[in-house]
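Just so you know, the protein sequences line up as chains A and B, in that order.
Note that my numbering numbers the first sequence so that position 108 is 108, with each residue one more than the last.
Note that my numbering numbers the second sequence so that position 388 is 388, with each residue one more than the last.
Yeah, the Cβ is synthetic: ideal placement off N, Cα and C, and Gly gets one too.
Keep in mind that this is a model prediction, so the values were computed, not measured.
Please read the structure below before turning to the comments.
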Amino acid sequence: MLENNDQELKTIQETLVNENSNISLTFQELILRLSNFWAERGCVLQQPQDVEVGAGTMAPETFLRVLGPREYRVAYTQPSRRPADGRYGENPNRLYKHTQMQVILKPPPENIQELYLESLKAIGIDLRQHDIKFEEDNWESPTLGAWGIGWQVMLDGLEITQFTYFQQCGGVDLDPISVELTYGLERIAAFLQDVDSIYDIVWARDPKDPNKVMTYGDVRLADELQFSVYNFETADVEKLWQHLNLYESECQTLVDRYNDLLKDGRQKGADVAAITAEKRRFPLLPAFDLCLHCSHLFNILDARGAISVTERVGVIARIRTLAVGVAKAWVDQQQLPRETGPAPAAGATAN
Amino acid sequence: MPDFLLEIGTEEIPARMIDGAREELVKRVSDLLVRERLVDGNGSSPAVEGTSTPRRIAVVARDIAPAQADVSEQVLGPSLRVAFKDGQPTPAAHAFAKKVNVPLNEIEKVSTPKGEYVAATVARKGRNATEILAEALPKEIAGLYWAKNMYWRTGKPERFVRPVRWMVALLGSEIIPVEFGGILAGAESRGHRILSGADVRIERPDNYRETLATARVLDQARREHVVRKALDAATRQIPGARWREDKELLHTVVNLTEFPSVILGNFEREYLTLPEEVLVTVMRDHQKYFAVEDASGKLAPHFLAVLNTDGDPNGIIRHGHERVLRARFNDARFFWNTDQKMPLKQRVEMLKAVTFQKDLGSYYEKAARIAPLAVKIADALEDAGVVVDCTAADEAAWLAKTDLTTELVKEFTELQGVVGGLYAKAQGLSHKIADAIYDQYKPASMEDAVPTTIEGAVLAVADKADTIAGMFGLGNVPSGSKDPFALRRQANGIVKTIAEHNLPLNLSLLFQWAREGYAGSEVERKFAAKQEYVASIETFFRERLEFYLRDVHGFAYDVVNAVLVAGRDDVVDAVERAKAVAAVRNSEDFASISVAFKRMKNILRQARETGKWTEVQQVSASVRVIHESDDPAERELAKQAATTADLVKKLRAEKQYAQALTDISRLRPVVDTFFDKVMVMVEDEQIRSNRLALLQMLVDEFSTIADFSEIVTEK
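Structure representation (structure tokens):
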């Protein structure tokens, strides 16, 4: 068997190429296929959150949308930054910034697992030729006050997706429950293209000249190197702390002000209509962005080795306080009676 | 008699929970059938078998009653006085007869403890099984225990391990309309996700398993059989090779598959330069692969992956698994190489940034406590004649936790300790230091081995004692099922390590030292009072010793009690004494002398309670004077007891416990004669005190090995 290795490898590669040639999935085609697939199943296609996040879960399209009673379906890619995971572009499997495809289905349809498996077919994975398993993996983020139950989906021993039924978010029990699907796009692309290094993934191929390709390395290597240098070596610790404190205090001020409105509304003889109007336009989304800034600054400080034991627990608790504060206020804001006015456009979920 | 089937179809259940849930469902259904009289009248438990796969748990019960048998039962009505006035039925009697639907003339008179009543014998029609099961099963399903539950439906009507997606419930070929999780049971089950396309209809409960098999879903026993065979077959491709038996892993993969097959994969020989521990952890814990060893037992560059599909004819799946494993090994090698750039010694300082426990500070502080503690232990052992390298123990303790700062341990946390040991060795530290670090978390359970070296034992004991002391100081004492810091396991580890290494180590002293490690620290201010600490440690370790002697050594509980009452600071000694007691306890003399000791203790207790054996008296009577009034039996006992006491002291010092106990047992005739002939509680205070003093002396002198009065005797 071992002596037949070369012949065998050739067969495998041929099969893979055949599998791939039908679809010739580049990194960007992978994104397009998944986006199309979920758009066809009723998802809003959103753009990535433009404030740094550590995971697609932290984007408001997940963190805030899963709260409250309104149904929602959304799909978006999310570049996710984890400063401590940076490897100066030298490690073939690890990135400072990787790309997630995030899908939220609220509430989850009954055939959610079948839908998910169909999405794999849509990116050219013939399930009959592979080994797929749903292995227990529950997700928890103490910083976000969030947790869920689910699996890591294993394809031929490779974890390709985190599949989670959210149970709690921002310290708030959820109803309806949302399903979150998080596809690890670099892993899936490397698998489909059968390359051993993320940097060898073909990102784009010239349709006129298939031999002309842009690789992941061409597109992103400088990014990985420079941010690793910054996060591990040059980030100014003193200033990072200052930024963190500033963002925190502004976020906290907003949360406090919303809570004051809540209190005012409960007073006897309160002008409920005026308070409701003020709550409705209250900038909670900006407050959440401020909280995300804090989280990212914390991650850089952590990568920089600038956070001691005692501080670490404390800072996580501070960020959690912000996230939970925004979440609770957001739930309240979502439950405000709707303004009378023109009906929202069909198909869109109004804010 | 029809068969019964219930299948709960779900999304993938965590592998670790499946077997327990299946067994629980079998029990719940058996109990239900018995409770509802749906099995044979003879009370035998019904034949119920469980089937489970990742996507279902099911039970089949053979030959159940289609309906309950009709029963007649007596229904009590109003009292006779109320029901009949002057021999005539009252409106109350009429109303009762109407209610139970029995003609008035069939109403009987019955006598009850409360007086005379009227009653009627009513035939109660048995309900049919379908109706009963449809009503009762949802409650049984909802009652299943899961380590972790979830909601999935809007409005959150129920929780279960994962969403329920279909159910099958059949009595014979008839559907039982059971409803749970918004699903109404039918006859349609589902086959393998990939290998079987459409739903599969279950015609009858008795062909459930066969029908599933045609849809490429095998029951757990068949899957285990298939996996074992396939592992064997795949391994045979490599001459002389064997797969490493791993029960836990086998169990996991059986519960991760519905239709398993096995592939043999390969990895590059160069990775074999990484330590076997690292390679096996990556394969087993992260990839769920079985390791393969060559004829000499060394790890071979192959692995076995269990698939949830019928094979891999083109090698595509194998290629994928090999790719993943290569990346993982690359990572491990990268971490290994990176970690070597900073030796463990330079990492001690970094421990200041690693939390040990939120109230107990950093690992640096822990290291600063366990190093002197390890030295104290080692010194004490050395004083008692044990050969131990104090310097190595000290250094190992300082370095023990430094591997927590390494990339390899951050990635493979389950290898903490092991990695430290491997690095210490690679960095040229002595074997004594490296082995001690390697073994510091041992034993992980009562089945696990204790550290191999004496220095490792010292470090393991010091580390665990420090944790227990800190937690008990904070008042985090395990109670009932609550033991979040696994302190019981750690204490069991201390007991086992001391016992198996024969360490002359005093537990009270150990925990006094361990607490002193916190002296003057910030945390100590949060600590409970010292007496409280000593008392809670004492109670805790008594339980741990009981557990060790009973459950690990299998000593009877009364032997354990007798031994522990006589002393529990010295683990090794307690084990020796327990062995001695167990060896002699069945002799006739020993049983009698146990009875006699109980009697002595009772007499002494009663004397104390009635003020006839006060502490003053105990002191003044402590020297026995031979009196003219003494009974010869009393003198004889005093004489022999004194001789035996000397002998026992000597034997005890030599740890000749069995011999000492036998010698004590030999006092039986004189003790028996004493109790036959001599009355202890006589009027004369001096004589009485003398006799009490004699008994006290016997109890005190002869209870140092075991308290005989704790021994349970037949009579």
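Alpha-carbon spacing of residue i relative to residue j, whole angstroms
{"i": "Ala-706(B)", "j": "Val-581(B)", "result": "7 angstroms"}
{"i": "Ser-508(B)", "j": "His-431(B)", "result": "31 angstroms"}
{"i": "Ala-434(B)", "j": "Leu-422(B)", "result": "7 angstroms"}
{"i": "Leu-290(A)", "j": "Pro-142(A)", "result": "18 angstroms"}
{"i": "Asp-86(B)", "j": "Asn-101(B)", "result": "24 angstroms"}
{"i": "Ile-711(B)", "j": "Met-600(B)", "result": "14 angstroms"}
{"i": "Asn-22(A)", "j": "Ala-189(A)", "result": "In this prediction, Asn-22(A) scores a pLDDT of 47, lower than 50, which makes its location untrustworthy; the coordinate-derived value is nonetheless stated afterwards. Approximately 15 angstroms, taken between the alpha carbons."}
{"i": "Leu-181(A)", "j": "Gln-242(A)", "result": "36 angstroms"}
{"i": "Lys-288(B)", "j": "Val-280(B)", "result": "10 angstroms"}
{"i": "Phe-602(B)", "j": "Asn-476(B)", "result": "The identity of residue 602(B) in the sequence shown is Asn, whereas the question assumes Phe. Roughly 38 angstroms separates the two Cα atoms."}
{"i": "Arg-153(B)", "j": "Arg-328(B)", "result": "38 angstroms"}
{"i": "Ala-397(B)", "j": "Asp-379(B)", "result": "15 angstroms"}
{"i": "Ser-481(B)", "j": "Leu-105(A)", "result": "38 angstroms"}
{"i": "Glu-159(A)", "j": "Glu-238(A)", "result": "38 angstroms"}
{"i": "Val-110(B)", "j": "Ala-93(B)", "result": "14 angstroms"}
{"i": "Asp-246(B)", "j": "Gly-297(B)", "result": "15 angstroms"}
{"i": "Asp-483(B)", "j": "Ala-491(B)", "result": "12 angstroms"}
{"i": "Cys-251(A)", "j": "Ala-287(A)", "result": "5 angstroms"}
{"i": "Ser-709(B)", "j": "Val-571(B)", "result": "21 angstroms"}
{"i": "Ser-52(B)", "j": "Ala-15(B)", "result": "10 angstroms"}
{"i": "Gln-656(B)", "j": "Ala-566(B)", "result": "16 angstroms"}
{"i": "Ala-65(B)", "j": "Arg-127(B)", "result": "11 angstroms"}
{"i": "Arg-284(B)", "j": "Trp-151(A)", "result": "18 angstroms"}
{"i": "Phe-472(B)", "j": "Ala-535(B)", "result": "10 angstroms"}
Whole-Å CB distance - residue i paired with residue j, under 8 angstroms assumed
{"i": "Ser-72(B)", "j": "Ala-123(B)", "result": "5 angstroms"}
{"i": "Gln-416(B)", "j": "Pro-343(B)", "result": "Gln-416(B) to Pro-343(B), Cβ: 17 angstroms. No contact."}
{"i": "Ser-189(B)", "j": "Gly-9(B)", "result": "7 angstroms"}
{"i": "His-251(B)", "j": "Val-217(B)", "result": "Rounded, the Cβ-Cβ distance is 18 angstroms, inconsistent with contact."}
{"i": "Ala-368(B)", "j": "Ala-436(B)", "result": "Not a contact, Cβ separation roughly 17 angstroms."}
{"i": "Trp-147(A)", "j": "Gln-113(A)", "result": "That belief does not hold up - the Cβ atoms of Trp-147(A) and Gln-113(A) are roughly 20 angstroms apart, past 8 angstroms."}
{"i": "Gly-145(A)", "j": "Val-255(A)", "result": "With 8 angstroms as the limit, Gly-145(A) and Val-255(A) do not qualify as a contact, their Cβ atoms being about 14 angstroms apart."}
{"i": "Thr-497(B)", "j": "Ala-465(B)", "result": "No, Thr-497(B) and Ala-465(B) are not in contact; Cβ-Cβ is about 11 angstroms, not under 8 angstroms."}
{"i": "Leu-212(B)", "j": "Thr-309(B)", "result": "Going by Cβ atoms, the distance from Leu-212(B) to Thr-309(B) rounds to 16 angstroms, so no, they are not a contact pair."}
{"i": "Asp-463(B)", "j": "Thr-452(B)", "result": "No, Asp-463(B) and Thr-452(B) are not in contact; Cβ-Cβ is about 16 angstroms, not under 8 angstroms."}
{"i": "Gly-320(B)", "j": "Asp-196(A)", "result": "Contact flag wrong, Cβ pair sits at about 12 angstroms."}
Under 8 angstroms from the C-beta of residue i: neighbouring residues of chain B
{"i": "Ser-308(A)", "result": "Lys-352 and Ala-353"}
{"i": "Phe-191(A)", "result": "Gly-320 and Arg-323"}
Residue i: contacting residues in chain B (beta-carbon distance under 7 angstroms)
{"i": "Ile-149(A)", "result": "Lys-148 and Met-150"}
{"i": "Tyr-165(A)", "result": "Met-150 and Trp-152"}
Chain A residues whose Cβ lies nearer than 7 angstroms to that of residue i
{"i": "Gly-156(B)", "result": "The residue you asked about is not Gly; residue 156(B) is Lys in the sequence shown. Those within 7 angstroms of Lys-156(B) in chain A are Asp-175."}
{"i": "Gln-287(B)", "result": "Gly-157"}
{"i": "Asp-331(B)", "result": "Asn-93"}
Chain-ordered chain B contacts of residue i [CB-CB under 9 angstroms]
{"i": "Val-313(A)", "result": "Thr-355 and Lys-358"}
Listed by chain order, chain A residues near residue i by CB distance under 8 angstroms
{"i": "Arg-165(B)", "result": "Glu-110"}
{"i": "Ala-327(B)", "result": "Pro-92, Asn-93 and Asp-196"}
Along the segment 178 to 209 of chain B, what residues have a CB closer than 7 angstroms to any CB found in chain A?
-> Ile-194
Near-chain B residues of the segment 125 to 138 of chain A - C-beta to any C-beta below 8 angstroms | Leu-127, Arg-128, Gln-129, His-130, Asp-131, Ile-132, Lys-133, Phe-134, Glu-135, Glu-136 and Asn-138
Sufficient close CB pairs (3 or more, under 8 angstroms) joining the segment 121 to 133 of chain A to the segment 302 to 316 of chain A | The answer is no - the segment 302 to 316 of chain A does not touch the segment 121 to 133 of chain A, with fewer than three Cβ pairs under 8 angstroms.
Going along the segment 92 to 121 of chain A in order, which residues come within less than 9 angstroms of chain B, judged by CB to CB distance?
-> Cβ contacts with chain B: Pro-92, Asn-93, Arg-94, Pro-107, Pro-108, Glu-110, Asn-111, Ile-112, Gln-113, Glu-114 and Leu-117.
Quick one: any contact between the segment 110 to 123 of chain A and the segment 23 to 37 of chain A, if contact means 3 or more CB pairs under 8 angstroms?
-> yes
Taking Cβ-Cβ distances below 8 angstroms as the criterion, which residues of the segment 297 to 310 of chain B are in contact with chain A?
-> Ala-305, Leu-307, Asn-308 and Thr-309
What residues in the segment 8 to 33 of chain B bring their beta carbon closer than 9 angstroms to a beta carbon of chain A?
-> Residues Glu-11, Glu-12, Ile-13, Pro-14, Ala-15, Arg-16 and Met-17.
If you pair each beta-carbon of the segment 161 to 175 of chain A with each one of the segment 320 to 332 of chain A, do three or more pairs fall below 8 angstroms?
-> yes
When Cβ atoms are compared, which residues of the segment 334 to 346 of chain B fall closer than 8 angstroms to chain A?
-> Result list: Phe-334.
Contact list for the segment 150 to 162 of chain A against chain B, Cβ threshold 8 angstroms | With the criterion set as a beta carbon lying under 8 angstroms from some beta carbon of chain B, the members of the segment 150 to 162 of chain A are Trp-151, Leu-155, Asp-156, Gly-157 and Leu-158, in sequence order.
Specify whether the segment 254 to 273 of chain A and the segment 212 to 232 of chain A touch according to this definition: at least 3 beta carbon pairs, one from each stretch, less than 8 angstroms apart.
-> no
Against chain B: residues of the segment 184 to 216 of chain A by CB proximity under 8 angstroms = Phe-191, Asp-194 and Asp-196
Chain A contacts made by the segment 226 to 259 of chain B, where a contact means CB separation under 7 angstroms | Gln-237 and Leu-256
Sufficient close CB pairs (3 or more, under 8 angstroms) joining the segment 313 to 321 of chain A to the segment 264 to 281 of chain A = no
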